[in-house]
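K.L.:
My questions all concern the structure below.
In our numbering, the protein residues as written are 1435 to 2041.
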C-alpha cells in the first residue's frame, strides 16, 4: 500500500514537471525568437529608433557682437533679459495655472487663451513662452511666487541695448525677430528665435555681428526629459565692430538740430573718408522699439508723417540748389568753354526761347565772372553757362563727383538720386529734352535729385583736389574689418579745382558772399563752403513782381529747403560737412550757421 501510494505521487509529479518544462521551453523559444528578431534581424531599425529617441542636438545661441565708436565707447551692447515660460507636462491643469498666474502679473484674456492653445499643442516637456522681456517689477513678483505656481521657468537671454538711445538710431538701426523670409537665409535658419539686425549697421553687418552658434548633444528619455549631456561645443560671440563715428560729434550735431522739425547733418574726415558724425531728424529710440510691449510707440513712429525711420542722410532726395553750381562750373572749365574771367551782365533775369528765367536777386548782380557767380550764387551766370555746355556734359561731370550713384556707405537702402540727361528722359518719360530744362538743371533744380551724403562726397572730392576717397562708417584699421585703399584720382585739372576752391573760400570770407555771416575767427581756422536753397514751391510772376513777396511769412511746407556744404580748414582741409534743413528757408540763414557752429565745436574738441 505504502509503495503503491508513493509510485502514484511520483507519476503525478513527473507529469507536472514535464508540463512546466515544456511551458518554460515554449516561453524561451518565443522570447528568444523575439529577441533574435529585434537584435539581429531588425537591429538597424531599432538602433535608428533608439538614437532618434534618446539623443538630440540643442543649439547654443551666440552672443551678438558689440558696436563701439572710434574712441571705444560702447554704442550697442547686450544685457540680460528674462522671459517667462511654462512646461505643460509639469502642470495638471493648464487653465487653472494660467488663471492663477494672471492674478500675479497682467495677462490679457486673449493671450491667456493663446498660451493654453499652444500648451495643448506642445510636445512633452516642450516649453511655451508666456511673457518676454520682463520688467523688474514683473520679475520681482514672479520670483516671489514662482514656487506656488507649478511649471513656471524664468529663462535668461541676451537682449540688445543702446546706451545713447536715439543719438545713433539711424546709423545703428535696431534688432528684432526674424521673419519667414529671413529664415530662408542659411546662417539665420537654425537660429529661429535669435534677434537679428532689422535696419542700419545692425542689418548691414548682421552676419558678422550674429556670431557662431554652439551645440549640446544630450540624451533624453522617452518623455523628452534631459538625462545627461554627451558633448558640448561653445558658441562664439559675434564680431566687435569699431565705427568711425564719435559720440562727442553726435552730441554736437544733436544740439544744433534738436530745435528743428526735420533735416540732417553729416560730417567726415576728408583725408580718410571716415564719417565722424551723422544724424537725421526726427529721431527715434531703438530701445523703445525693441522693448515689449512696444505697439503704442511703434504706431507713433510709423504713423508720423515725417517718417522718423527714414535716414535722410542716405535716403532723403533733395534738389541740390546752388550747391550744384560748382559741378556746372567745372563742366564749363574742363570743356574749355569758359575760364575764370568769363563774365556776363546779370540784370535779374534772362530770356531764352519763349520763357523768362529769373535770378534769385531780383535787381541782378551786375557784371559777374565765374568766381563772383559762385560767391554770390548768381543764377543768370549759370543759365548762360548751361546753354553753352548742354545737359549731357553737366551729367558726366556730376557723376564723376559721385552724384546720381550710391556712395556704398555701409547702410542698407541707400538712394541713388537722379542726374538727368537726354537719354534718361527719353528712356523713362519717352520725351525729348528741352533746352530750357538744362537751364533749370544748372541751378540744381528740375529733375536733379541728390542725397545729403552725396553732397558730402562731392565736397570732399573738391577739398581733396580731385582725390576721391570712398566714405565709410568703419574706423580705419579696424582689426576685424580692415579696409582696402579704395581711393582714386578723378581726371580733373587741378587748376580748375583751385578756381572752385578759391570761389568757395570767398563765399564765406568776402563781403557779398552768400555765407559771409558765418566767417570764422581767422586766429582759429578758416572755412570754405557753398550755400544752397532748394525751391519747394514755384514762384508765380505775380509774386515776383510783388515787392514784399520774399518778406512774407510762408507756411512751413511752402518754405524752401536750406542747404550748406563746406570744409575746413580752407588751406589744409580735414573736415567736410553737408547740412540740409527741410523747409528751413535760405541756405545762408539756416544751414550755414549750423555748419559753422559744428565746425567751431569740432575744432575746439581737437579731434
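Glycine included, each C-beta is placed from N, C-alpha and C at the ideal position.
1. Quick one: is residue 1925 buried, meaning 16 or more other Cβ sit within 10 Å of its Cβ, or exposed?
2. Along the chain, where does the beta strand (DSSP E) that runs through residue 1516 open and close?
3. For residue 2027, which of helix, strand or coil comes out of DSSP?
4. Check whether the stretch 1940-1956 touches the stretch 1730-1738, taking contact to mean three or more Cβ pairs, one atom from each stretch, closer than 8 Å.
5. By a C-beta neighbour count over all protein chains shown, 10 Å radius and 16 as the cutoff for buried, is residue 1667 buried or exposed?
6. Which stretch, first to last residue, makes up the alpha helix (DSSP H) that contains residue 1811?
7. Between 2000, 1809, 1819, 1536, which has its C-alpha nearest residue 1876's C-alpha?
8. How about the stretch 1959-1971 and the stretch 2010-2022: do they share at least three Cβ pairs that are nearer than 8 Å?
9. Going along the chain, which unbroken runs of the alpha helix (DSSP H) with 4 or more residues stay wholly within the stretch 1695-1747?
10. Using only the alpha-carbon positions, how far apart do residue 1483 and residue 1584 sit?
11. How would you call residue 1472, buried or exposed, if buried means at least 16 neighbouring beta carbons within 10 angstroms?
12. What residues in its chain sit with their C-beta under 6 Å from that of residue 2031, if we drop five residues either side in the sequence?
13. Mind checking which residues open and close the alpha helix (DSSP H) that includes residue 1618?
14. When you compare the stretch 1787-1800 with the stretch 1823-1836, are there three or more beta-carbon pairs, one atom per stretch, that lie closer than 8 Å?
15. Hey, would you say residue 1927 sits closer than 8 Å to residue 1768, going by beta carbons?
16. To the nearest angstrom, how far is the alpha carbon of residue 1696 from that of residue 1888?
17. For residue 1616 versus residue 1566, is the C-beta distance shorter than 8 Å?
18. Straight-line CA distance for residue 1683 to residue 1577?
19. What does a CB cutoff of less than 7 Å around residue 1728 pick up in its chain, not counting 5 residues either side in sequence?
20. Can you give me the start and stop residues for the alpha helix (DSSP H) that residue 1529 sits inside?
21. Can you give me the start and stop residues for the alpha helix (DSSP H) that residue 1886 sits inside?
22. How big is the Cα-Cα spacing for residue 1784 and residue 1814?
23. If you run the structure through DSSP and keep just helix, strand and coil, what is residue 1682?
24. In three-state terms, what does DSSP make of residue 1763?
25. Distance check for residue 1631 and residue 1638, CA to CA, integer angstroms please.
26. Please say whether residue 1644 and residue 1672 have beta carbons closer to each other than 8 Å?
27. Helix, strand or coil for residue 1490 per DSSP?
28. In the DSSP assignment, the beta strand (DSSP E) including residue 1592 goes from what residue to what residue?
29. Using DSSP's beta-bridge definition, name the partner residues of residue 1786.
30. Which one or two residues does DSSP pair with residue 1995 in a beta bridge?
31. Going by the C-beta, is residue 1648 closer than 7 Å to any heavy atom of the ligand HEM?
32. Please report the residue range of the beta strand (DSSP E) in which residue 1779 lies.
33. Can you tell me where the beta strand (DSSP E) holding residue 1579 begins and where it ends?
34. Can you say whether residue 1501 is buried or exposed, counting buried as having 16 or more other CB atoms within 10 angstroms of its CB?
35. Would residue 1714 and residue 1745 qualify as a contact pair, given that the criterion is a beta-carbon distance under 8 Å?
36. The beta strand (DSSP E) spanning residue 1649 covers which residue range?
P.N.:
Straight from the coordinates:
1. The residue given as residue 1925 occupies position 491 in the chain shown. With fewer than 16 other Cβ atoms within 10 Å, it is exposed.
2. The sequence position of residue 1516 within the chain shown is 82, counting from 1. That run of the beta strand (DSSP E) goes 1508-1520.
3. For this step, residue 2027 is matched to residue 593 along the chain shown. It is helical.
4. no
5. Counted from its first residue, the chain shown places residue 1667 at position 233. With fewer than 16 other Cβ atoms within 10 Å, it is exposed.
6. Taking the chain shown and counting its residues from 1, one reaches residue 1811 at position 377. No alpha helix (DSSP H) holds residue 1811; DSSP gives it neither H nor E.
7. Walking along the chain shown from the start, residue 1876 turns up at place 442. Among 2000, 1809, 1819, 1536, the Cα nearest to that of residue 1876 is on 1819.
8. yes
9. 1720-1724, 1729-1736
10. Along the chain shown, one-based indexing puts residue 1483 at 49. Along the chain shown, one-based indexing puts residue 1584 at 150. Legend: pLDDT at residue 1483 = 48, less than 50; position of this residue unreliable, no value from coordinates given.
11. Stepping through the chain shown from its first residue, residue 1472 is reached at position 38. With a pLDDT of 48 at residue 1472, under the threshold of 50, the predicted position of this residue should be treated as unreliable, though the coordinate-derived value follows. Within 10 angstroms of the beta-carbon of residue 1472 lie fewer than 16 other beta-carbons, which makes it exposed.
12. Here residue 2031 corresponds to residue number 597 of the chain shown, with the count starting at 1. Here the set comprises 1690.
13. Locating residue 1618 in the chain shown gives position 184, counting from the first residue. Note, residue 1618: premise wrong, no alpha helix (DSSP H); not H, not E.
14. With a cut-off of 8 Å, the stretch 1823-1836 and the stretch 1787-1800 do not count as touching, because too few Cβ pairs lie within range.
15. The residue given as residue 1927 occupies position 493 in the chain shown. The residue given as residue 1768 occupies position 334 in the chain shown. Contact flag set, yes.
16. As a working mapping, residue 1696 is identified with position 262 in the chain shown. As a working mapping, residue 1888 is identified with position 454 in the chain shown. If I take the Cα positions, the gap works out to 19 Å.
17. Position 182 of the chain shown, counted from the start, is the residue given in the question as residue 1616. Position 132 of the chain shown, counted from the start, is the residue given in the question as residue 1566. Result no, Cβ atoms of residue 1616 and residue 1566 do not sit closer than 8 Å.
18. Stepping through the chain shown from its first residue, residue 1683 is reached at position 249. Stepping through the chain shown from its first residue, residue 1577 is reached at position 143. In this structure, the straight-line span from the alpha carbon of residue 1683 to that of residue 1577 is close to 43 Å.
19. Your numbering for residue 1728 matches position 294 in the chain shown. Same-chain partners within the cutoff: 1722.
20. On the chain shown, residue 1529 is found 95 positions in, with the first residue counted as 1. From DSSP, the alpha helix (DSSP H) with residue 1529 extends over 1528-1535.
21. As a working note, residue 1886 is residue 452 in the chain shown. 1886-1897 is the extent of the alpha helix (DSSP H) around residue 1886.
22. For this step, residue 1784 is matched to residue 350 along the chain shown. For this step, residue 1814 is matched to residue 380 along the chain shown. The straight-line gap from Cα to Cα measures roughly 6 Å.
23. On the chain shown, residue 1682 is found 248 positions in, with the first residue counted as 1. Helix.
24. Locating residue 1763 in the chain shown gives position 329, counting from the first residue. Residue state, collapsed to three classes: helix.
25. Mapped onto the chain shown, residue 1638 falls at position 204. Mapped onto the chain shown, residue 1631 falls at position 197. When rounded, the distance between both Cα atoms is 8 Å.
26. To locate residue 1672, count along the chain shown from 1; it is residue 238. To locate residue 1644, count along the chain shown from 1; it is residue 210. Taking 8 Å as the Cβ cut-off, residue 1672 and residue 1644 qualify as a contacting pair.
27. Position 56 of the chain shown holds residue 1490. It is a strand residue.
28. As a first step, residue 1592 is located in the chain shown; it is residue number 158 there, counting from the start. In the DSSP assignment, residue 1592 falls within the unbroken beta strand (DSSP E) covering 1586-1595.
29. To locate residue 1786, count along the chain shown from 1; it is residue 352. BP columns for residue 1786 point to 1789.
30. Position 561 of the chain shown, counted from the start, is the residue given in the question as residue 1995. Residue 1995 is bridged to 1968.
31. No copy of the ligand HEM occurs in the structure displayed, which carries no ligand at all.
32. Here residue 1779 refers to the residue found at position 345 of the chain shown. Counting along the chain, the beta strand (DSSP E) containing residue 1779 begins and ends at 1777-1780.
33. For the purposes of this step, residue 1579 is taken as residue 145 along the chain shown, with counting starting at 1. Run containing residue 1579: none in the beta strand (DSSP E); it sits in the alpha helix (DSSP H), 1570-1579.
34. Position 67 of the chain shown, counted from the start, is the residue given in the question as residue 1501. Residue 1501 is buried by the Cβ-count criterion.
35. Residue mapping note: residue 1714 aligns to position 280 of the chain shown, counting from 1. Residue mapping note: residue 1745 aligns to position 311 of the chain shown, counting from 1. A contact, by the Cβ cut-off of 8 Å.
36. Taking the first residue of the chain shown as position 1, residue 1649 is located at position 215. Residue 1649 -> beta strand (DSSP E) spans 1648-1654.
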